[in-house]
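Just so we're aligned, residue 1 is where the sequence shown starts under UniProt numbering, counting upward by one.
Heads up, the thing below is written out as structure tokens.
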Amino acid sequence: MTNKALHGIDPLKDLLSDVLSRLENLETKVGIAPPHPASASFPTPAPNEANLAAAGEVPSVKAYDSYMKNSVSYLAQACDDLGGLQNMGDLIQKAWEGIRLIIVLASRSKAPEESITEALAPHMKPVQDAIVGIRNLKLDRDWDRHQKAVIEMLAGLSWVYMRPPQALPVGMVKETLGSAEFWSNRIRKDFKGKNDTQIAFCDSIKAVITGLAEYIEEYHKTGLTFSPRGVSLAEAAIRLSDPTDTEPVEPQRQGSFRKLSTRHPMIGSAIVGGNIAGMMEELSKRKSSEGDSAATGLKKVTKDMQTWRKEFKPSDGHAPAVPVGPAKTEKKEKKTPLKGLPIFEYQDRGFKWVVENHTKESAAKEVSKDSVISIEISDPKQQVYIYNCDGVTFQIKGKFKSMCLDMCTGCAVVLDDLISGAEVVNCKKVQLQVNGVCPVFTIDKTINIVVYLSQESLAISTFTTSLSSEMNVSFPDGDDQKEVPIPEQFTHKLVNGCVKSDVSDLYH
Numbered sequence: 001m002t003n004k005a006l007h008g009i010d011p012l013k014d015l016l017s018d019v020l021s022r023l024e025n026l027e028t029k030v031g032i033a034p035p036h037p038a039s040a041s042f043p044t045p046a047p048n049e050a051n052l053a054a055a056g057e058v059p060s061v062k063a064y065d066s067y068m069k070n071s072v073s074y075l076a077q078a079c080d081d082l083g084g085l086q087n088m089g090d091l092i093q094k095a096w097e098g099i100r101l102i103i104v105l106a107s108r109s110k111a112p113e114e115s116i117t118e119a120l121a122p123h124m125k126p127v128q129d130a131i132v133g134i135r136n137l138k139l140d141r142d143w144d145r146h147q148k149a150v151i152e153m154l155a156g157l158s159w160v161y162m163r164p165p166q167a168l169p170v171g172m173v174k175e176t177l178g179s180a181e182f183w184s185n186r187i188r189k190d191f192k193g194k195n196d197t198q199i200a201f202c203d204s205i206k207a208v209i210t211g212l213a214e215y216i217e218e219y220h221k222t223g224l225t226f227s228p229r230g231v232s233l234a235e236a237a238i239r240l241s242d243p244t245d246t247e248p249v250e251p252q253r254q255g256s257f258r259k260l261s262t263r264h265p266m267i268g269s270a271i272v273g274g275n276i277a278g279m280m281e282e283l284s285k286r287k288s289s290e291g292d293s294a295a296t297g298l299k300k301v302t303k304d305m306q307t308w309r310k311e312f313k314p315s316d317g318h319a320p321a322v323p324v325g326p327a328k329t330e331k332k333e334k335k336t337p338l339k340g341l342p343i344f345e346y347q348d349r350g351f352k353w354v355v356e357n358h359t360k361e362s363a364a365k366e367v368s369k370d371s372v373i374s375i376e377i378s379d380p381k382q383q384v385y386i387y388n389c390d391g392v393t394f395q396i397k398g399k400f401k402s403m404c405l406d407m408c409t410g411c412a413v414v415l416d417d418l419i420s421g422a423e424v425v426n427c428k429k430v431q432l433q434v435n436g437v438c439p440v441f442t443i444d445k446t447i448n449i450v451v452y453l454s455q456e457s458l459a460i461s462t463f464t465t466s467l468s469s470e471m472n473v474s475f476p477d478g479d480d481q482k483e484v485p486i487p488e489q490f491t492h493k494l495v496n497g498c499v500k501s502d503v504s505d506l507y508h
């Protein structure tokens, strides 16, 4: 065949390729060739190792691999070197490898039409399993701060869900640094100049968070980056699991002959070979016993619809405009993000009461009809840890060691006596009432908190605050109750080479 003939076939190839693509979509809609199963109906296929390795040539994946090698691997090794964190290092490595899979899928697929949280949920399972594994580690009391620092750091992995105007992912990751260092700085204080392995663990946590922020700033500044000409997310996951498909998806160029879907191998070979008759024969084979084919369901184009005909053109030569119906708008209901399973238990190891993921409704259903969770302290060594609760009232009876209120909203805690102190971290609209004595209140990253002191605790209690606002203290003043704000604004000046700070005049 001459070169001139070959050039004449090229436009026909492009045309037939486009026809096949449309036929695939039609078959999907009429049910002849069902689409790839959705993640909600079938489990997400496991990715092929060779495909994951080949994806390392994509710039965003290559940079992420370099980040993991220079930061995450050192943190995993530091966890192993400490010796008391069990398999935490392996779980951290698995969590970050799970995020790598998400980045690989995004580089091969177009942005999902539905909510990105729903689209990524089935593919985030390895990450979620690793996080749950770290949270469920039963460690000695000496390692509580290490575990809490790592858990705060893990919150940054949800950056893949962030998109404007909701939030910028890099900002969310940077916020986890303060929460993680709240615990790691305590480790530094205890082991500075005594144990280099402990300090290396703290340094590694900071390096992992800052390294992730730098990576996101460069490659995913406005959210997880997808390929505009990629396939669907479900299709990308299936191709990634196929050992025969090791090529990274490249953007389709204008006029190029795209790689045909493996769902039509015979048709693909017919087109490539220029065998049009073979293609028509293959289409005829697709007819079902009822006579259905790839064209079933198409509307017949009648003569009055063929506006290109001469008799339908007006005198000015322009075809009449096709009427367009009003666009349909679908109202999507806002879905409340799911929380973990409600937990209310006492752990003998660590002398700790743990309350997690409770709402007013779950507390009324599982614990108490009046939505008040009551904790009876039997040993002064016991601690209370309350995490991720919403609208719940807690009553802690007895004298105990310490209490931590972490990431709670609209909660109230009434307690008797504390030996060490109470910590409030990442909370909003919470209240603490002390009927006895509490020596120290530590408030970090909290908005809108009121602390009610008893007469006994009035002269003893101290407050340490950071990155918090709308803080108030209420205390008895004769027969009345007085409420004053905890200062948020300060005046600083240099005196003899040192910074001297005073409370702003606003509070005087």
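All residues carry an ideal CB built from backbone N, CA and C; glycine is no exception.
| Asked | Found |
| --- | --- |
| Strand pairing of P342, partner residues [DSSP] | Note: P342 sits in no beta bridge, so no partner. |
| Straight-line gap, L212 to G133 (C-alpha atoms, nearest Å) | 22 Å |
| The region 402–415 touching the region 423–430, judged by at least three CB pairs closer than 8 Å | yes |
| S109, DSSP secondary structure in three states | strand |
| Length-filtered (4 minimum) alpha helix (DSSP H) runs lying within the region 162–218 | 169–191 |
| Inter-stretch contact (C-beta, 8 Å, three-pair minimum) for the region 436–447 and the region 457–464 | yes |
| Closest residue to P169 among P476, S109, K360, E218 (Cα-Cα distance) | E218 |
| Neighbourhood of S60 by C-beta distance below 7 Å, restricted to the same chain and skipping five residues each side | I103, S107, Y219, T225 |
| Reduced DSSP secondary structure (H/G/I, E/B, other) of P248 | Legend: pLDDT at P248 = 47, less than 50; position of this residue unreliable, value from coordinates given subsequently. Three-state result, P248: coil. |
| Close beta carbons around E366, own chain, < 7 Å, minus the five adjacent residues each side | P342 |
| S269 versus L20 - alpha carbon distance | Its pLDDT being 40, under 50, S269 is placed unreliably in this model, and the coordinates cannot settle the point. |
| The region 68–78 contacting the region 118–126, beta-carbon criterion three pairs below 8 Å | no |
| Minimum C-alpha distance to S184 - residue among V160, R145, V173, T359 | R145 |
| For C389 and E356, the rounded distance between their alpha carbons | 6 Å |
| Environment of E57 [buried if 16+ CB atoms lie within 10 Å] | exposed |
| Helix, strand or coil at S378 according to DSSP, with G and I counted as helix | coil |
| Enclosing alpha helix (DSSP H) for M153 [first to last residue] | 144–154 |
| CB-CB length for L105 against A236, believed under 8 Å | 5 Å |
| Residues near W159 in its chain [Cβ-Cβ closer than 7 Å; skip 5 each side] | P169, M172, V173, I216 |
| Distance CB(S109)-CB(G230) smaller than 7 Å | yes |
| Proximal residues to S371 (C-beta, below 7 Å), its chain only, five neighbours per side dropped | K360, A363, A364, V392, T393 |
| Coarse secondary structure for G98, derived from DSSP in three states | helix |
| Helix, strand or coil at P439 [DSSP, three-state] | coil |
| Coarse secondary structure for T491, derived from DSSP in three states | strand |
| S474 in three-state terms, based on DSSP | strand |
| Buried versus exposed, by CB contacts within 10 Å (16 or more), T197 | exposed |
| Check whether A180 and E152 have beta carbons under 7 Å apart | yes |
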